[in-house]
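Quick notes on the structure that follows.
Number of protein chains: 2
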Amino acid sequence: MNHVAFLTAVSAILDDSQIKSDSESLNHWGKDWTKHFTPNATAILFPKNTKQVAAIVRLANEHRVSLVPSGGRTGLSAGAVAAHGEVVVSLDKMNAIGKFYEADRMVEVEAGVITKALQEFAQSKDLYYAVDFASSGSSQLGGNISTNAGGIKVIRYGMTRDQILGLTVVTGKGDVLELNGGMLKNATGYDFRHLFIGAEGTLGFVTKALIKLEKQPVNLTAMVLGVPDFGSVVQILNEFSKEITLTAFEFFDQVAIDKVLSAGHAKEPFESRTPFYVLLEFEATGDEVMDDAMGVFEQCMEKGFVLDGVMSQSVGQLHELWKLRESISETISAFTPYKNDVSVLITHLNDFISNIEQIVKDNYPDFEICWFGHIGDGNLHLNILKPNHLSQDEFFAKCQSVNQQVFETVQKYQGSISAEHGVGMTKKPYLEYTRSPIEIEYMKALKAVFDPNGIMNKGKIFDA
Amino acid sequence: MNHVAFLTAVSAILDDSQIKSDSESLNHWGKDWTKHFTPNATAILFPKNTKQVAAIVRLANEHRVSLVPSGGRTGLSAGAVAAHGEVVVSLDKMNAIGKFYEADRMVEVEAGVITKALQEFAQSKDLYYAVDFASSGSSQLGGNISTNAGGIKVIRYGMTRDQILGLTVVTGKGDVLELNGGMLKNATGYDFRHLFIGAEGTLGFVTKALIKLEKQPVNLTAMVLGVPDFGSVVQILNEFSKEITLTAFEFFDQVAIDKVLSAGHAKEPFESRTPFYVLLEFEATGDEVMDDAMGVFEQCMEKGFVLDGVMSQSVGQLHELWKLRESISETISAFTPYKNDVSVLITHLNDFISNIEQIVKDNYPDFEICWFGHIGDGNLHLNILKPNHLSQDEFFAKCQSVNQQVFETVQKYQGSISAEHGVGMTKKPYLEYTRSPIEIEYMKALKAVFDPNGIMNKGKIFDA
Numbered sequence: 001m002n003h004v005a006f007l008t009a010v011s012a013i014l015d016d017s018q019i020k021s022d023s024e025s026l027n028h029w030g031k032d033w034t035k036h037f038t039p040n041a042t043a044i045l046f047p048k049n050t051k052q053v054a055a056i057v058r059l060a061n062e063h064r065v066s067l068v069p070s071g072g073r074t075g076l077s078a079g080a081v082a083a084h085g086e087v088v089v090s091l092d093k094m095n096a097i098g099k100f101y102e103a104d105r106m107v108e109v110e111a112g113v114i115t116k117a118l119q120e121f122a123q124s125k126d127l128y129y130a131v132d133f134a135s136s137g138s139s140q141l142g143g144n145i146s147t148n149a150g151g152i153k154v155i156r157y158g159m160t161r162d163q164i165l166g167l168t169v170v171t172g173k174g175d176v177l178e179l180n181g182g183m184l185k186n187a188t189g190y191d192f193r194h195l196f197i198g199a200e201g202t203l204g205f206v207t208k209a210l211i212k213l214e215k216q217p218v219n220l221t222a223m224v225l226g227v228p229d230f231g232s233v234v235q236i237l238n239e240f241s242k243e244i245t246l247t248a249f250e251f252f253d254q255v256a257i258d259k260v261l262s263a264g265h266a267k268e269p270f271e272s273r274t275p276f277y278v279l280l281e282f283e284a285t286g287d288e289v290m291d292d293a294m295g296v297f298e299q300c301m302e303k304g305f306v307l308d309g310v311m312s313q314s315v316g317q318l319h320e321l322w323k324l325r326e327s328i329s330e331t332i333s334a335f336t337p338y339k340n341d342v343s344v345l346i347t348h349l350n351d352f353i354s355n356i357e358q359i360v361k362d363n364y365p366d367f368e369i370c371w372f373g374h375i376g377d378g379n380l381h382l383n384i385l386k387p388n389h390l391s392q393d394e395f396f397a398k399c400q401s402v403n404q405q406v407f408e409t410v411q412k413y414q415g416s417i418s419a420e421h422g423v424g425m426t427k428k429p430y431l432e433y434t435r436s437p438i439e440i441e442y443m444k445a446l447k448a449v450f451d452p453n454g455i456m457n458k459g460k461i462f463d464a
Numbered sequence: 001m002n003h004v005a006f007l008t009a010v011s012a013i014l015d016d017s018q019i020k021s022d023s024e025s026l027n028h029w030g031k032d033w034t035k036h037f038t039p040n041a042t043a044i045l046f047p048k049n050t051k052q053v054a055a056i057v058r059l060a061n062e063h064r065v066s067l068v069p070s071g072g073r074t075g076l077s078a079g080a081v082a083a084h085g086e087v088v089v090s091l092d093k094m095n096a097i098g099k100f101y102e103a104d105r106m107v108e109v110e111a112g113v114i115t116k117a118l119q120e121f122a123q124s125k126d127l128y129y130a131v132d133f134a135s136s137g138s139s140q141l142g143g144n145i146s147t148n149a150g151g152i153k154v155i156r157y158g159m160t161r162d163q164i165l166g167l168t169v170v171t172g173k174g175d176v177l178e179l180n181g182g183m184l185k186n187a188t189g190y191d192f193r194h195l196f197i198g199a200e201g202t203l204g205f206v207t208k209a210l211i212k213l214e215k216q217p218v219n220l221t222a223m224v225l226g227v228p229d230f231g232s233v234v235q236i237l238n239e240f241s242k243e244i245t246l247t248a249f250e251f252f253d254q255v256a257i258d259k260v261l262s263a264g265h266a267k268e269p270f271e272s273r274t275p276f277y278v279l280l281e282f283e284a285t286g287d288e289v290m291d292d293a294m295g296v297f298e299q300c301m302e303k304g305f306v307l308d309g310v311m312s313q314s315v316g317q318l319h320e321l322w323k324l325r326e327s328i329s330e331t332i333s334a335f336t337p338y339k340n341d342v343s344v345l346i347t348h349l350n351d352f353i354s355n356i357e358q359i360v361k362d363n364y365p366d367f368e369i370c371w372f373g374h375i376g377d378g379n380l381h382l383n384i385l386k387p388n389h390l391s392q393d394e395f396f397a398k399c400q401s402v403n404q405q406v407f408e409t410v411q412k413y414q415g416s417i418s419a420e421h422g423v424g425m426t427k428k429p430y431l432e433y434t435r436s437p438i439e440i441e442y443m444k445a446l447k448a449v450f451d452p453n454g455i456m457n458k459g460k461i462f463d464a
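Read top to bottom, the protein sequences are chains A and B. Quick note on the UniProt record's numbering: the first sequence kicks off at 1 and runs consecutively. Quick note on the UniProt record's numbering: the second sequence kicks off at 1 and runs consecutively.
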């Protein structure tokens, strides 16, 4: 590893404004939203095009310098943290929205385009970019693709993976691959596009993507329902799914809503308080759909799955109801939550959540738990809130010691230890709870094909 | 390669009914629907479970025997043909429909389950398996997955890839991998599931899958439209796509409809004859949708994109209209068609088709061409019909000599030389028109990871 020689060589292909090594920049671009690691980057590079990325990768191979790909750095698993003297390659300057293919409802974006900018572009064309989540104002498409980001509309539109019709990547060897060219049908051998999606930058860089846009949803309408127990949440999902195409099905618990309401981040949906809440959304395309929705709602009331409920009558009310769900992350961040992001089959959700509640109760009777998540996708966010009397270090240490039991329960139900946050460094010790040792061996062998010198995002997902 | 020792070892794990080597069986299971290759299999094996498949693969590695995975053998690219003394491993006896996960709308199937059987199972649960195509009565799920089969509902539901929530595979090394476990959200490293989908059995065997089922479509309604030129076909697609969620958008030309009608395979949709026809379908969920559809139809008439049209008023009429499209393959098979299956972006369709028409006209003014395809996916089936005065060999030779020009045109528009039929052996010489030499090198390197001794479906897609 020879950083000086590498940076000297790089300075021949990048101009001064594209290389930063002041301590503020190293700290800023060296970390993501994860707080457990101390950033320690050697330099930050800002390539302007795929060719420059490829040149950087080839030089990094020559000098055996480790690179960390960097997008909006909103990750929650330390996938974009440079903690070991790596050189960070930021895609910030590659943020152009390129050619729009109207007939194909497709647009080309560079990796550094912000999620929200793509959503706004789509809207300007009377179309819709369907992936949406809390960090859409600063997350970048390249990062979304590399972690296969999910969010609140997955039940209807799928993950980021499902929006990607083509990719330009630079492999860890420095080869540029143009993958799939935007086609819906292309049966010509292995689909590397899907290998790079979710690879967290360990195989190379995503530099461009061809993104599918959708028709704008029509007359989105939300219901918030008060629910007596978690079993009813799953029942409500089943009942509505049978009759209606849902665009979202979220849940949260009383702890979550109490904190959101006391922080003044949203309005009370109805007077009664219930242990759980459901926020569901659909396109009210006509009277038939509305009748169906009301019919299911009434059935759920009769069966006791729902105790109270409210439905949005306007776009304003829709946004008000969504605030109940969307403010949770921000609100609880004041309580230093220890976050887990797990998924299991919907079939197993009920048993799984009882198991987890018991584990936390047994181990930490004095900890407050806050549940919310994308139940329609089997995805639960388990947040353990820090009691005042514990220091942050003590609290995290205690949480980590319970992790093993949580992840053993995930494994028992054949679930995922990371539904949408990726593995990065924080989940790496637990990867075997979801992927078998033999799968991990194949992952390492595949990485060796695309990145034989192991320069790409070293130590993320697994230790090669 | 020692077939005798291999088969002796195999006979210790399979019973007599699971091994066939009579010439009728060798001929039957040694080929698919492709007619260009002479089957020449050494034996046919019928494992009953994943464990037996893995045992066969490990023995094949030991004895360096080449295996050909075999499903419903309805492929059109010779992906399942054993032409070089291979041992065929048929999944025919692994045809159980397994556990149904109601809350997840998911079912486990073995690789040998027939597509139609899965469609019927879904219907019995008031659900829908969305992938459908001409050979659904005999194609098997394992083959569909290995070729990422498409068909007539891709515009609404996607390819086979989009239905697969989990896979059990046996790699070419004989390792059993359980991939993704049915989860919608699972961000834990490389998604090998997508690597095996579309790999045509060159990386290993697919033995089981977890398949997503959909809500039953409601009140499917079809229109058949008479269209003056190909440009109007694309315009009609654009106009309808803006207003309506289409479940199908197919096209065919006058040659196709003439032959279908004279064979008595369908009824005339309306009196006038037009150069092109569109069959589109949507869910008429309510009056609003119907009004939208009629509105767009009238606009298209006014603009001259549509000359005549008819809409189904009942399920019976829906099926009648579909016969116009669905009978084409069977009808033209009497004319020994030379089939191409290409795709380009919808943006390029119009220019592409003009280019191809010119090429065929210049080279073979006396050949009849029949076009049809899944225009909503940019997928065109170009069929060149054999004139009576040519022998089959002369005809195929002439077609192959024009292939290069066809595929150069595909390349010019950055399209695919095989949209949904796979590469197998028939498209192998043309792979570089769609995939770059460097991509093909990476494919070979990946194959070496999963199948280091090169025993899996050797000589398919590429020569390793």
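Idealized CB from N, CA, C, for every residue including glycine.
Please name the residue in the options whose C-alpha comes closest to that of residue i.
i	options	result
residue 162/A	174/A, 148/A, 170/A, 152/A	148/A
residue 88/B	115/B, 95/B, 57/B	57/B
residue 13/A	38/A, 47/A, 31/A, 40/A	47/A
residue 4/A	285/A, 42/A, 23/A, 32/A	42/A
residue 377/B	366/B, 233/B, 243/B, 50/B	233/B
residue 440/B	327/A, 190/A, 282/A, 254/A	190/A
residue 469/B	205/B, 70/B, 92/B	In the structure displayed, chain B extends from 1 to 464; residue 469/B sits before or after that span and is not available.
residue 237/A	346/B, 103/B, 311/B, 216/B	103/B
Closer than 8 Å, CB to CB, is residue i near chain A or not?
i	result
residue 229/B	no
residue 186/B	yes
residue 417/B	yes
residue 377/B	yes
residue 338/B	no
residue 451/B	no
Do residue i and residue j have their C-beta atoms closer together than 8 Å?
i	j	result
residue 276/A	residue 342/A	no
residue 61/B	residue 455/B	yes
residue 246/A	residue 280/A	yes
residue 30/B	residue 200/B	no
residue 208/B	residue 53/B	no
residue 407/B	residue 430/B	yes
residue 222/B	residue 318/B	yes
residue 435/B	residue 188/A	yes
residue 278/B	residue 251/B	yes
If you count every other CB in all the chains shown that lies within 10 Å of the CB of residue i, and 16 or more means buried, which is it?
i	result
residue 269/A	buried
residue 315/A	exposed
residue 166/B	buried
residue 447/B	buried
residue 8/A	exposed
residue 64/A	exposed
residue 421/B	buried
Mind checking if residue i is an interface residue toward chain B, Cβ cutoff 8 Å exclusive?
i	result
residue 353/A	no
residue 238/A	yes
residue 129/A	no
residue 442/A	yes
residue 194/A	yes
For the ligand ATP, I want to know if residue i counts as a neighbour, meaning its beta carbon is within less than 7 Å of at least one of the ligand's heavy atoms.
i	result
residue 155/A	Annotation note on the ligand ATP: not contained in the displayed structure, which lists no ligands.
Checklist entry - Which residues, taken in chain order from the segment 394-415 of chain B, show a beta carbon closer than 8 Å to some beta carbon of chain A? => result Within the segment 394-415 of chain B, the residues whose Cβ lies closer than 8 Å to some Cβ of chain A are 414, 415, listed in chain order.
Checklist entry - At a Cβ cut of 7 Å, what residues of the segment 321-350 of chain A count as close to chain B, listed as they run along the chain? => result Within the segment 321-350 of chain A, the qualifying residues are 343, 345, 346, 347.
Next on the checklist: Beta carbons nearer than 9 Å to chain B: which residues of the segment 282-299 of chain A have them?
Outcome noted: Taking 9 Å as the Cβ-Cβ cut-off against chain B, the residues of the segment 282-299 of chain A that qualify are 285, 286, 287, 288, 289.
Next on the checklist: To be precise: take each residue of the segment 415-440 of chain A, compare its Cβ to all Cβ atoms of chain B, and keep it if any distance is under 8 Å. Which residues remain?
Outcome noted: If the cut-off is 8 Å between Cβ atoms, the segment 415-440 of chain A has 415, 416, 417, 418, 419, 420, 421, 422, 423, 427, 431, 434, 435, 436, 438, 439, 440 near chain B.
Item to check | Contact list for the segment 145-159 of chain B against chain A, Cβ threshold 9 Å | outcome: Within the segment 145-159 of chain B, the residues whose Cβ lies closer than 9 Å to some Cβ of chain A are 147, 148, 149, 150, 154, 155, 158, 159, listed in chain order.
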